[in-house]
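**Student:**
In my numbering, the protein residues as written are 8 to 222.
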């Protein structure tokens with residue numbers, strides 16, 4: 008680094024530096040140990056509010072509901088195109104019970120994971136002890152793991168107000184999801200959040216949940 012050639016005795020943590028003296032130089036610096044420490048702190052602060060059983064690939068699922076090869080191809084193709092479309096922000100898949108919505112959601116989540124575009128998933132389970140208060144904290148934690156640049160702003164928000172994890176769902180959405188993204192210096196790659204079975208949670212009114220998720 009020309010502009011640090013004579014410097015010594017200091018440390019630089021995850022950041023981006025630009026040197027415009029004569030030649031243009033751009034450096035992106037990562038500190039794996041610091042990033043890991045931040046992730047550990049976030050996990051420690053949020054652990055009691057993270058519902059890992061709701062992950063699409065959670066080990067508690069007795070059956071893996073995915074689409075059989077050659078089935079639901081039109082629906083899967085439509086959803087995949089919407090995920091890739093920068094103008095698309097929210098897609099609501101609806102249909103009668105037994106129509107295969109969960110299988111489609113699982114298949115899309117798995118496909119996104121393989122494509123490295125899955126940011127988070129939350130699958131409510133029929134007949135299970137679903138945990139509405141964990142909804143946005145669980146999504147926020149997964150997003151921070153999928154998009155490392157979110158770790159710093161999310162940790163800053165948790166330090167500013169640790170009680171945000173016990174606030175209303177509307178405030179959790181704003182503080183844990185919206186605000187960390189607004190604090191990013193650069194827009195991250197397009198990321199998908201897959202949610203299934205929202206109607207299985209008795210404590211969330213359907214109209215309110217749609218309003219929150221489509222915000």
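Where is the CB? At the ideal position from N, CA and C, for every residue including glycine.
#1: So, at 7 angstroms on beta carbons, what are the nonlocal neighbours of residue 102 in its own chain, with the 5 sequence-adjacent residues on each side left out?
#2: If you count every other CB in all the chains shown that lies within 10 Å of the CB of residue 88, and 16 or more means buried, which is it?
#3: Contact between the region 140 to 149 and the region 114 to 132: three or more CB pairs below 8 angstroms?
#4: Can you tell me which of the three DSSP states residue 129 falls into?
#5: Are residue 191 and residue 160 closer than 8 angstroms when you measure CB to CB?
#6: Residue range of the alpha helix (DSSP H) that residue 115 falls in?
#7: Using the three-state DSSP reduction, which class does residue 67 fall into: helix, strand or coil?
#8: Taking the beta carbon of residue 93 as the centre, do at least 16 other beta carbons fall within 10 Å, making it buried, or is it exposed?
#9: Using the C-alpha atoms, what's the distance from residue 197 back to residue 124?
#10: So, with DSSP's three-state summary, where would you put residue 45?
#11: Going by C-alpha to C-alpha distance, which of 121, 165, 73, 84 sits closest to residue 49?
#12: Beta strand (DSSP E) containing residue 203: first to last residue?
#13: Measuring straight from C-alpha to C-alpha, what distance separates residue 140 and residue 68?
#14: Assuming the contact rule is C-beta atoms closer than 8 angstroms, residue 111 and residue 79 should be a hit. Round their C-beta distance to whole Å, please.
#15: Counting only the same chain and skipping the five closest in sequence on each side, list residues whose C-beta sits under 8 angstroms from that of residue 227.
#16: Is it true that the CB of residue 183 sits closer than 8 angstroms to the CB of residue 171?
#17: Kindly give me the distance between the Cβ atoms of residue 204 and residue 132, rounded to whole angstroms, as I take these residues to be in contact under 8 angstroms.
#18: Quick test of your reading: residue 42 and residue 158, contact by CB under 8 angstroms. State the CB separation rounded to the nearest angstrom.
#19: Alpha carbon to alpha carbon, how far is residue 81 from residue 179? Give it in angstroms, no decimals.
#20: Which of the three DSSP states, helix, strand or coil, is assigned to residue 148?
**Tutor:** With the structure as the only source:
#1: Excluding sequence neighbours, residue 102 sits near 108.
#2: Counting Cβ neighbours within 10 Å, residue 88 comes out exposed, since fewer than 16 surround it.
#3: The region 140 to 149 vs the region 114 to 132: in contact.
#4: For residue 129, the secondary structure class from DSSP, reduced to helix, strand or coil, is strand.
#5: It is a contact, given that the beta carbons lie within the stated cut-off.
#6: Under the DSSP assignment, residue 115 falls in the alpha helix (DSSP H) whose first and last residues are 108 to 122.
#7: Reduced to three states, the DSSP call for residue 67 is coil.
#8: Counting the other Cβ atoms within 10 Å of the Cβ of residue 93 gives fewer than 16, which makes it exposed.
#9: Rounded to the nearest angstrom, the two C-alpha atoms are 7 angstroms apart.
#10: Correct three-state label for residue 45: helix.
#11: For residue 49, the nearest C-alpha among the options comes from 165.
#12: Judged by DSSP secondary structure, residue 203 falls within the beta strand (DSSP E) whose first and last residues are 199 to 203.
#13: Their Cα atoms are separated by approximately 21 angstroms.
#14: Rounded, the Cβ-Cβ distance is 6 angstroms, consistent with contact.
#15: Nothing in the structure corresponds to residue 227, since the chain is present only between 8 and 222.
#16: Their beta carbons are under 8 angstroms apart, which means residue 171 touches residue 183 by this criterion.
#17: 7 angstroms between Cβ atoms; contact.
#18: With a Cβ gap of about 7 angstroms, residue 42 and residue 158 count as contacting.
#19: So the two alpha carbons sit approximately 35 angstroms from each other.
#20: Correct three-state label for residue 148: helix.
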